[in-house]
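Worksheet: one structure, shown below.
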Amino acid sequence: MHIFNSIVFTTLCLLESLEPGKSITVPVGIDFCDSTQAASFQLCTKNDHFSVSIQPPVGELLLPVTMTEKDFRKERGRLTGMNEVSAIISVAPQNTTRVMILQKITSIANLGGVPSGEDNIHRFAAKTVHSGSLVLVTVELEEGSTAQLFINTEKTVIGSILLRELKPVLSQG
């Protein structure tokens, strides 16, 4: 295990050297520690160094969570103020069904659907892989083709990026 700038690299194999013309596949695990910062490192050969940078998609920093609507409402009530970002968006008409909203949201982020007793409100929940911080997403469809999109989380950078990435996905056909 190696730690660089709060990002943890793990591998199951320590490779001191590799003969010319040979290859080996080695899995490398990267714990981004709930950061959207790129993990940068070098692959070194006898004669050269190659810089590698891996930027995590924000949705891959999340794990889906199952919760009740009651628990969702309670946690969302706790995560307000600076822990909430929102936007009013124009939703493409074909993206207003429960199935399409679920498909569009989960294509961007590892979020689990939360049951909703209201046809116009769609809820999703996840936790960050590293710290287990909750990330809650609410899509409230309004009259016409508009919706309010809310992200509630203690991880404000993740919330802002997730909002920015979800807005166009719900708007486009």
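Read left to right, the sequence shown gives residues -23 to -1, 1 to 150 (mature numbering (1 follows the signal peptide of the UniProt record, and there is no 0)). Beta carbons are placed, not taken as given, at the ideal position from N, Cα and C, and that holds for glycine.
For residue i, the residue or residues it bridges with in DSSP
i	result
H107	The partner list for H107 (beta bridge, DSSP) is empty, contrary to what the question assumes.
A124	I66, L118
N97	Note: N97 sits in no beta bridge, so no partner.
A102	G89, L113
T130	V112
Spatial neighbours of residue i in its chain, beta-carbon cut-off 6 angstroms, leaving aside the 5 residues before and after
i	result
G89	P41, V42, T43, A102
T115	R100, F127
G136	V62, I128, T130
Distance between residue j and residue i (C-alpha atoms, nearest Å)
i	j	result
T130	I82	16 angstroms
N72	K144	12 angstroms
G(-3)	T13	36 angstroms
T123	V76	17 angstroms
F(-20)	V5	Below a pLDDT of 50, predicted positions are generally treated as unreliable, and F(-20), at 48, falls in that range; the measurement from the model is reported next regardless. Cα to Cα, F(-20) sits roughly 14 angstroms from V5.
K80	E52	Checking the displayed sequence, the identity of residue 80 turns out to be Gln instead of Lys. Each residue's alpha carbon lies about 24 angstroms from the other.
S28	I65	40 angstroms
Q19	H26	6 angstroms
P34	A86	8 angstroms
residue 212	K23	Because the chain is modelled from -23 through 150, residue 212 falls outside the range shown and cannot be assessed.
E119	S67	10 angstroms
Close-in-space but distant-in-sequence residues of the same chain around residue i (CB under 8 angstroms, 5 per side omitted)
i	result
G94	E46
F49	V91, R100, A102, L113
T133	M59, N60, V62
S84	V146
Same chain, Cβ closer than 7 angstroms to residue i, neighbours up to 5 away in sequence not counted
i	result
V149	A small correction: the amino acid at residue 149 is Gln; Val does not occupy that position in the sequence shown. Only A69 meet the Cβ criterion.
Q32	A15
Expected contact under 8 angstroms - CB spacing of residue i and residue j to nearest Å
i	j	result
D11	L38	6 angstroms
Complete beta strand (DSSP E) runs within the segment 9 to 84 (minimum length 3 residues, chain order):
16 to 21, 26 to 31, 39 to 41, 61 to 67
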